[in-house]
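A.B. asks: Number 32 in the numbering used here belongs to position 32 of the sequence shown; there are no gaps in the numbering.
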Amino acid sequence: MSRSWRKISFAIILALILLCAALIVINSANSTPLTAQQVSDEYNLPIGQSMFEGDSILGQNNPAEVSLLSNFGYIAHQIQAFDLQGILLTLSTGIVPFDFTAVSSEGIDSYGNVVDVDGPGFLTMEDGKLAVKSPDHYVWGYSTPYTWLERTEEGVNIVENGTVVKSVPVDQIKYLNYSNDYYNNETIVNWYNYDSAVGSTFTLEKGITSFADGRSDISSSEVPIIFGKDVVDYAAEYPTGSPILLYSGNYTEQDGETYGTSLGSHPEYGDGTREINARQFVEAWNGTIIPPNSTSSGKDYVYFESASDSEAPGGSAAHGVCPPARALRAAVTGEGLGLPTGMSWDENAVLFGYNPAHDITVTNTHDYPIKINMWTEGSGTGMGIYAKITRYIPDE
1 MSRSWRKISF AIILALILLC AALIVINSAN STPLTAQQVS DEYNLPIGQS MFEGDSILGQ
61 NNPAEVSLLS NFGYIAHQIQ AFDLQGILLT LSTGIVPFDF TAVSSEGIDS YGNVVDVDGP
121 GFLTMEDGKL AVKSPDHYVW GYSTPYTWLE RTEEGVNIVE NGTVVKSVPV DQIKYLNYSN
181 DYYNNETIVN WYNYDSAVGS TFTLEKGITS FADGRSDISS SEVPIIFGKD VVDYAAEYPT
241 GSPILLYSGN YTEQDGETYG TSLGSHPEYG DGTREINARQ FVEAWNGTII PPNSTSSGKD
301 YVYFESASDS EAPGGSAAHG VCPPARALRA AVTGEGLGLP TGMSWDENAV LFGYNPAHDI
361 TVTNTHDYPI KINMWTEGSG TGMGIYAKIT RYIPDE
């Protein structure tokens with residue numbers, strides 16, 4: 001190649017470089033940076049969704065890519081990541097990965113991946129920026145029906161998240177394949193035959209709604225993935241609508257109030273039946289965790305024996321529940337909490353008409369969760385019955 005041709009070639013290359021630089025400057029000057037809301041709308045980002053370290057806020061969407069000419073500065077995050085393959089691809093295609101640090105404040109790296117988040121965080125919009133927030137000390141929400149049966153004139157509908165997915169005739173109900181530790185096909189058939197009318201519902205699976213930190217509702221299938229199987233088991237034990245502590249971190253357990261009593265003897269009501277009922281009350285309430293500023297009952301699937309009582313509505317009552325109720329009442333009120341709903345200050349602590357398991361409720365007015373522990377010692381009329389509060393105090 002002659003010297004003159006080399007000069008011409010060099011001049012052409014230099015001109016092209018200068019032209020590209022000019023185009024970049026012009027396009028950059030004329031382009032308006034995308035806002036976080038625009039990015040969220042463009043890529044349909046799941047605001048409110050729970051996320052973990054390493055997740056992509058784009059989910060299954062295609063990578064977010066923009067024109068290199070209009071966003072030349074975005075190549076910097078490829079350089080910082082030492083993404084040589086990505087840099088070559090960008091230069092050859094003119095398309096550069098969007099730099100999410102331009103529209104985010106925390107918990108998101110330049111490629112839209114979740115970083116520096118411990119536990120189940122969630123994607124949110126904060127002060128006009130995208131962010132994946134780490135969970136606070138506690139995350140809680142309320143159980144809600146996600147899959148349920150609804151009785152119809154011809155049988156039942158299976159409803160999932162408000163949509164009827166299948167209609168089942170009466171003679172096929174006994175073949176429904178739904179069960180957990182607290183119900184099975186026989187339970188469902190008995191509900192249909194004896195405890196339901198047209199429009200009645202039977203909850204099969206529970207999701208979680210109304211999160212205290214504002215994250216989005218989750219389905220029954222998402223609960224164990226995000227918060228673990230233990231949460232599923234706990235929610236199954238308690239009535240629908242109960243507050244559920246889903247996550248706790250950076251806290252210290254502190255012993256709270258403890259109170260004990262004994263069963264005592266009232267042979268007119270049958271001390272054997274009374275002991276059964278006292279133990280059932282303890283079973284209903286032991287292990288109940290009440291999140292901050294929330295109200296909870298005991299467990300749902302706990303049953304009591306009735307004894308004749310002329311003063312009770314209907315002529316019978318679940319005698320034996322008052323001694324453990326007094327222990328629970330003393331421990332709760334000793335914590336500075338109010339008298340449980342369904343109780344009185346009398347010796348007969350449980351009011352008529354209230355199921356001792358799922359109708360009595362305790363309200364935790366503290367800014368931290370509490371756990372109710374109950375147990376028995378010994379047996380017979382001298383059986384000891386105890387209630388203890390454990391406080392979940394957040395670490396500084």
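The C-beta atom is built at its ideal place from N, Cα and C for all residues, glycine as well.
Note that the structure is a prediction, hence the values are computed from the model and not measured.
1. Are the CB atoms of ASN161 and TYR146 nearer to each other than 7 Å?
2. One question on the structure: do CYS322 and ALA349 come within less than 7 Å of each other, judged by their Cβ atoms?
3. Can you check the segment 357-392 for any beta strand (DSSP E) of at least 3 residues that lies completely inside it and give the ranges in chain order?
4. Quick one: Cα of SER28 to Cα of GLN37, how far?
5. Have a look at ASP171, TRP140 and VAL165 and flag the residue whose alpha-carbon is nearest the alpha-carbon of GLU153.
6. Who pairs with SER200 in a beta bridge, going by DSSP?
7. For SER304, collect the residues of the same chain with a Cβ closer than 7 Å to its Cβ; drop the 5 residues on either side in sequence, then sort them by chain order.
8. May I have a chain-ordered list of the alpha helix (DSSP H) segments no shorter than 4 residues that lie completely inside the segment 134-210?
9. Just curious, the beta strand (DSSP E) that ASP255 is in, first and last residue?
10. Name the two residues that bound the continuous beta strand (DSSP E) containing GLU275.
11. Determine, using beta-carbon pairs with one atom in the segment 167-182 and one in the segment 106-120, whether at least three such pairs fall under 8 Å.
12. Report, in whole angstroms, the separation of the C-beta atoms of THR361 and GLY342, which I expect to be a contact under 8 Å.
13. Look at the alpha carbon of SER134 and the alpha carbon of PRO291, and state the distance between them as a whole number of angstroms.
14. For GLU253, collect the residues of the same chain with a Cβ closer than 6 Å to its Cβ; drop the 5 residues on either side in sequence, then sort them by chain order.
15. According to the neighbour-count rule (16 or more other Cβ atoms, all chains shown, within 10 Å of its Cβ), is PRO224 buried or exposed?
C.D. replies: In short:
1. Remark: C-beta atoms of ASN161 and TYR146 approach each other more closely than 7 Å.
2. yes
3. 361-364 and 370-377
4. Unreliable placement is indicated for SER28, whose pLDDT of 43 sits below 50; the coordinate value is still reported in the next sentence. Linking SER28 to GLN37 through their CA atoms gives a straight-line distance of about 20 Å.
5. ASP171
6. Beta-bridge pairing links SER200 to no other residue.
7. A quick correction: the sequence has Phe, not Ser, at residue 304. Excluding residues within five positions, the ones whose Cβ falls inside 7 Å are ASN277, GLN280, ALA318, VAL321 and PRO356.
8. 185-194
9. Start and end: 251-262.
10. Per DSSP, GLU275 belongs to no beta strand (DSSP E); it is in the alpha helix (DSSP H), 271-285.
11. They do not touch, by the three-pair rule.
12. 7 Å
13. 18 Å
14. THR390
15. Its Cβ having fewer than 16 others within 10 Å, PRO224 is exposed.
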